[in-house]
Amino acid sequence: MLFLTLYQIIDYLVNIIVFVVIVQFVLGLLIAFNVVNMHNQFVATIYQALNAILEPLLRPIRKFMPNTGAIDFSPMVLIIGLTILQIILANLARAYA
Numbered sequence: 001m002l003f004l005t006l007y008q009i010i011d012y013l014v015n016i017i018v019f020v021v022i023v024q025f026v027l028g029l030l031i032a033f034n035v036v037n038m039h040n041q042f043v044a045t046i047y048q049a050l051n052a053i054l055e056p057l058l059r060p061i062r063k064f065m066p067n068t069g070a071i072d073f074s075p076m077v078l079i080i081g082l083t084i085l086q087i088i089l090a091n092l093a094r095a096y097a
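Read the sequence shown against UniProt numbering and you will find it ends at 97, with the numbers running on by one and no gaps.
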């Protein structure tokens, strides 16, 4: 029962992180295509906050990934890794439940 509870908490946190990665990606695209302006204080604050939250998670991934130029694949690798973690923990929770 305890492992199932821990799994549910970790699953919830992983879902939040994936959501934040997607929001950062979309906001980055909007900034890159000049749909929203970084001179807007609200947009700049949100983007900086998202980067501050995700940078500790993305930095180790970027160390091991090859330099692909302007395209950053580290958010995709993070999402795939977190999804794999969710699958492993779900199977462990079912095994010990």
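Backbone N, C-alpha and C fix where the C-beta goes; we use that ideal spot for every residue, glycine too.
- Counting only the Cα atoms, ILE46 lies some 25 Å from ILE9.
- With fewer than 16 neighbouring CB atoms inside 10 Å of its own CB, TYR12 falls in the exposed class.
- Annotation for VAL21: the continuous alpha helix (DSSP H) segment containing it runs 2 to 32.
- Taking each of ASN40, TYR7, GLN24 and ASN34 in turn and checking the Cα distance to MET76, the smallest one comes out for GLN24.
- Per DSSP, the unbroken alpha helix (DSSP H) holding ASN51 starts and ends at 41 to 64.
- Between VAL20 and LEU54, the CB-CB gap stays under 8 Å.
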